[in-house]
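This report concerns only the one structure given below.
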Amino acid sequence: MSPQSSTSLLTGRRVLVVGPAFAALAQGPLAGAVLEQAGLERLIGIGRGDADLILIDADAFAPPALAAGVQALALAAAPPPVLVAGAHLPAAVARDLLRLDRSDILDAPFAPEALTAAVAGLLTQPEPAAPTVPQAHDVARCWAVIGAVGGSGASTIAVEIATQLCGRQAKEKSVCLIDLNLADGSAPAYLGATPSLRLGDLAAAADKLDPAMLQAFVTPVTKQLDLLAAPRDPGAFELVGRETILRLLECACDSYDWVVLDLPRHRRPWTLEALGGCDEVLVVSELTVPALLAARSLSDEIERDLGNGNKPRILLNRVASRMFGPAPSTAEAERALQRKAEAGISSDWEAAAASVNLGGPISTHRPKSKIVKDIQALVERLAAQAQATKAA
Ligand SMILES: Nc1ncnc2c1ncn2[C@@H]1O[C@H](COP(=O)(O)OP(=O)(O)OP(=O)(O)O)[C@@H](O)[C@H]1O
Ligand SMILES: [Mg+2]
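Going by our numbering, the sequence shown opens with residue -13, and the numbers climb by one from there.
Here it is, written out as structure tokens:
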């Protein structure tokens, strides 16, 4: 490739130059290009429309800052091609560059001809297909699931509800399950999926988050189901603020027909607003006296603090035949709750264990389980009510 061919390729192209090394080449190999000089922060949320090519002078930045910049690029929904020049590229940077469809590395110091060849190589590569972004739709239905006590089965039920909703959709990418137990959510493990919601990157990109960028954080689970869940991290809740989480939820509701939230029991700065945006709040209790009392208190607190007339519905989980122990009956449970339960979900330890151990919903591994039938009936009833409200 001659210098001349690169020049003609660059004529009129917008080239984002990050770091000083390339600026000096404006009259040489980069002649004809429309150059924009910027810092690494410009890479957050960058897309195809911002530049035709990005050149990064790796040696101008401290490795952590450089790694964060390249990571931001790797997260962008449709990043422009990128060329990084440097003497000793950190491994984390090289790894993130490999995730990009169009990227190249140039050893510094480099000859102008080497730059020309690398630029031409990148610019002549075909553009990758645009990522699939869920289609816009009227308005998402959002259901929240929250446990009254730890281990009551909230995550199991959230996973099964999301799966049942998928079975009712013809459209791809129509349901999103969001695990808001940010530090140690179990939805990814229950689904056998790898969490890809990197909270530090989400916080950095929050201002620019839109449905296209959201796709950089989701884990596709099936054709219909996407998962938003963060990798295990004890400090996760401190990584993201209220606005970031609310923006994430807003974008998810703009992107999918159905959004299911697996909510942590303990209140976070964003909990009430998240609940306020939901069409249904499902409080999961087990059939023990402490759990029933906790379910009653939690439902009362949510109803009082939302103040919009919405009442949580209570699901009684692990309902078993009485002959197996001194558990309260449904009638006794409703007396303790001082309200009717919305539904009972049968106990089936074998099916639940098969699901968590094999990774995948109970409806996949044990489709005949009573848990599946009970949740199917619940979803049908609630979805029919949602449909009726929408039509009214
Ligand atoms: N209906 C059921 N029958 C039998 N086992 C169940 C049932 N529902 C849930 N389980 C099992 O109970 C355990 C706890 O369930 P799960 O993790 O869903 O609860 P959780 O409320 O989300 O817990 P955490 O408080 O940790 O978030 C899991 O091992 C799950 O497989
Ligand atoms: Mg859970």
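Ideal Cβ placement from N, Cα and C applies to all residues, glycine included.
Values in this document were obtained by computation on a predicted structure and should not be read as measured data.
With DSSP as the reference, label residue i as helix, strand or coil.
| i | result |
| --- | --- |
| Asn303 | strand |
| Asp82 | helix |
| Pro314 | coil |
| Ile30 | coil |
| Cys162 | strand |
| Leu109 | helix |
| Pro206 | strand |
| Asp90 | strand |
| Gln362 | helix |
| Leu75 | coil |
| Ser333 | coil |
| Glu266 | strand |
| Asp240 | helix |
| Asp196 | coil |
| Gln373 | helix |
| Glu289 | helix |
| Gly186 | helix |
| Val226 | coil |
| Asp45 | helix |
| Arg233 | helix |
| Phe62 | Reading off the sequence, residue 62 comes out as Ala, not Phe. If DSSP states are grouped into helix, strand and coil, Ala62 belongs with coil. |
| Leu261 | helix |
| Asn343 | helix |
| Ser172 | coil |
| Pro50 | helix |
| Glu328 | coil |
Report the option in the options whose CA atom is closest to the CA atom of residue i.
| i | options | result |
| --- | --- | --- |
| Arg34 | Val105, Val4, Arg0 and Asp45 | Arg0 |
| Leu69 | Val3, Gly31 and Ala10 | Val3 |
| Tyr176 | Asp187, Leu163 and Gly186 | Leu163 |
| Gln201 | Arg228, Gly221, Thr230 and Ser241 | Ser241 |
| Cys264 | Trp244, Ser271 and Ala277 | Trp244 |
| Pro98 | Asn294, Gly14, Glu287 and Asp212 | Gly14 |
| Ala215 | Ala126, Leu364 and Phe203 | Phe203 |
| Ala24 | Ile42, Asp38 and Gly18 | Ile42 |
| His351 | Ala337, Gln155, Asp248 and Leu11 | Ala337 |
| Thr208 | Val305, Gln150 and Arg228 | Gln150 |
| Leu323 | Val358, Asn343, Ser341 and Val270 | Val270 |
| Leu29 | Lys194, Ser182 and Leu101 | Lys194 |
| Ile32 | Gly55, Ala46 and Gly18 | Gly55 |
| Ala46 | Trp129, Pro312 and His74 | His74 |
| Leu183 | Ala222, Gly5, Val161 and Gly72 | Ala222 |
| Ala191 | Ile40, Ile231, Glu224 and Ala306 | Ile231 |
Based on the DSSP output, what are the partners of residue i in its beta bridges?
| i | result |
| --- | --- |
| Trp256 | Its beta-bridge partners do not exist; DSSP assigns none. |
| Cys128 | Val245 |
| Ser271 | Leu302 |
| Leu21 | Val1 |
| Leu101 | Paired residue(s): none; Leu101 is not in a bridge. |
| Ile40 | Leu2 and Val68 |
| Asp212 | Cys162 and Pro206 |
| Gly133 | Val270 |
Buried or exposed: which applies to residue i, given that a residue is buried once 16 or more other Cβ atoms fall within 10 Å of its Cβ?
| i | result |
| --- | --- |
| Ala48 | exposed |
| Ala339 | exposed |
| Glu146 | buried |
| Asn167 | buried |
| Lys159 | buried |
| Arg233 | buried |
| Asn303 | buried |
| Ser141 | buried |
| Val226 | buried |
| Glu394 | Because residue 394 is not part of the residues shown, which for the chain are -13 to 378, the question remains open. |
| Ser171 | The residue you asked about is not Ser; residue 171 is Gly in the sequence shown. Buried. |
| Asp93 | exposed |
| Gly(-2) | exposed |
| Gly133 | buried |
| Arg127 | buried |
| Val275 | exposed |
| Glu272 | buried |
| Gly346 | buried |
| Thr95 | Residue 95 is actually Pro in this sequence, not Thr. The residue in question, Pro95, is exposed, as its Cβ has fewer than 16 Cβ neighbours within 10 Å. |
| Ser315 | exposed |
| Ala37 | buried |
| Ala77 | exposed |
| Gln111 | exposed |
| Ser(-6) | exposed |
Run the Cβ filter for me: residues under 7 angstroms from any heavy atom of ligand 2, listed in the order they occur in the chain.
Gly133, Ala140, Ser141, Asn167, Gly171, Ser172 and Asp248
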